[in-house]
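Below: one structure, written as structure tokens.
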Amino acid sequence: MKTGNVLQLIKQNQGRFSNQQAKIADYILTHHDKAAFLTATQLAKEADVSQPTVIRFSQFLGFPQFSMFASAVQSLLKEELTSTERLRLSLGDPRAEGREISDDPAEFDIIYKEIRTLERLASTFPHKQFEQLVSQICECNRIFIVGTRGSASLTQHFAYFLSKVKSHVIAVDNGATRTYDQLLHLNEKDLVIAIAFPRYPRETIEIAKFCCRRGATVFGITDRIESPLAEQAHTSLVIPITFSTIFDAYGSAFCLFNMLVTRVGRTNSKESETLSRRFEVLAREVKIFL
0 MKTGNVLQLI KQNQGRFSNQ QAKIADYILT HHDKAAFLTA TQLAKEADVS QPTVIRFSQF
60 LGFPQFSMFA SAVQSLLKEE LTSTERLRLS LGDPRAEGRE ISDDPAEFDI IYKEIRTLER
120 LASTFPHKQF EQLVSQICEC NRIFIVGTRG SASLTQHFAY FLSKVKSHVI AVDNGATRTY
180 DQLLHLNEKD LVIAIAFPRY PRETIEIAKF CCRRGATVFG ITDRIESPLA EQAHTSLVIP
240 ITFSTIFDAY GSAFCLFNML VTRVGRTNSK ESETLSRRFE VLAREVKIFL
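The numbers in numbering that gives the first Met the number 0 rise by one with no breaks, and the one at position 70 of the sequence shown is 69.
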């Protein structure tokens with residue numbers, strides 16, 4: 000199911016809902032920005048129906064679990080909400096994010112969400128695309144890792160550690176015109192790994208388009224197959240991220256990068272060992288570490 004179409008799905012089924020289900024549909028269509036963060040119990044209270052009715056409603060729409068339905072609605076907000084709107088949500092009632100009141104500080108909810116996201120990553124892991132990316136990393140000439148704005152830190156992190164096991168790794172973390180100087184001599188032997196998550200920076204998408212025109216293979220890392228990056232990339236590796244109110248959390252992305260570096264290091268063991276020895280010599284020579 001394409002989660003980005005969940006509101007359209009509700010509209011298409013409006014004539015098939017029971018009276019109680021219609022009340023839920025009306026509430027969600029009118030208040031989907033709030034409904035996205037409600038538990039099944041809270042949504043039932045807001046729509047004036049029973050909790051089992053809410054569960055049956057989500058199942059009727061094709062979601063085996065209510066949490067999957069909530070995630071589908073939340074995925075819409077990843078693109079719709081501005082930073083200011085997210086901040087306003089975070090300052091409101093903690094139940095606005097579907098949190099239950101507990102003795103833990105409200106910020107602990109981010110930890111719990113990240114745990115659930117990592118569980119989703121493990122249960123829905125894209126093994127085929129992962130193996131394909133590992134092979135392309137090992138076989139290509141140069142690797143350009145592209146990610147701007149919120150993904151700039153991800154780009155630097157991934158590029159730094161990948162360079163420990165693979166030569167010629169270049170980080171491209173801004174959309175300034177001088178960035179294209181780095182990409183001027185791209186060819187079909189090069190690999191571009193582009194990283195973009197909501198709200199999908201325009202400069203990342205434009206760089207991906209440019210790299211495609213230059214003949215390089217573009218591999219996207221993003222959160223859904225319908226994302227603007229996935230539409231431009233030759234292949235994409237789709238992973239879940241944690242949607243938070245002010246800023247999203249990328250624990251799943253860092254986990255994926257660690258997995259990629261580990262596998263490439265094992266697959267490309269001779270080059271990895273050579274690079275490691277060279278780095279240790281350099282570290283001693285210039286006293287990098289205390």
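Backbone N, C-alpha and C fix where the C-beta goes; we use that ideal spot for every residue, glycine too. Source: prediction; values computed, not measured.
Look up residue i in the DSSP assignment and say whether it is helix, strand or coil.
i: ALA193; result: strand
i: SER49; result: coil
i: THR234; result: strand
i: ALA248; result: strand
i: CYS211; result: helix
i: GLU113; result: helix
Output the boundary residues of the alpha helix (DSSP H) element that contains residue i.
i: ILE23; result: 18-34
i: ILE169; result: Segment 168-171 is the beta strand (DSSP E) holding ILE169; no alpha helix (DSSP H) there.
i: LEU37; result: Careful: LEU37 lies outside any alpha helix (DSSP H) and carries neither H nor E.
i: ILE136; result: 126-138
i: LEU161; result: 151-161
Could you tell me the alpha carbon to alpha carbon distance between residue i and residue j, rounded to whole angstroms?
i: ARG94; j: PHE65; result: Any reading at ARG94 is ruled out, since the residue's pLDDT is 43, under 50, leaving its predicted position unreliable.
i: CYS211; j: PHE218; result: 10 Å
i: SER251; j: PHE36; result: 21 Å
i: VAL5; j: ASN18; result: 20 Å
i: PHE157; j: ASN173; result: 15 Å
i: VAL164; j: THR52; result: 53 Å
i: SER122; j: PHE62; result: 16 Å
i: SER275; j: ALA215; result: 28 Å
i: SER57; j: ARG198; result: 26 Å
i: ASP189; j: PHE68; result: 40 Å
Where does the unbroken beta strand (DSSP E) through residue i begin, and where does it stop?
i: PHE218; result: 216-221
So residue i and residue j are in contact, right, with Cβ under 8 Å, and what is the actual spacing, rounded?
i: ILE192; j: ILE142; result: 7 Å
i: THR154; j: PRO239; result: About 19 Å; that fails the 8 Å criterion.
i: ALA248; j: ILE109; result: 6 Å
i: LEU228; j: PHE129; result: 17 Å between Cβ atoms; not a contact.
Starting from residue i, follow its DSSP beta bridges and name the residues at the other end.
i: THR241; result: ALA248
i: ILE144; result: ALA170 and ILE192
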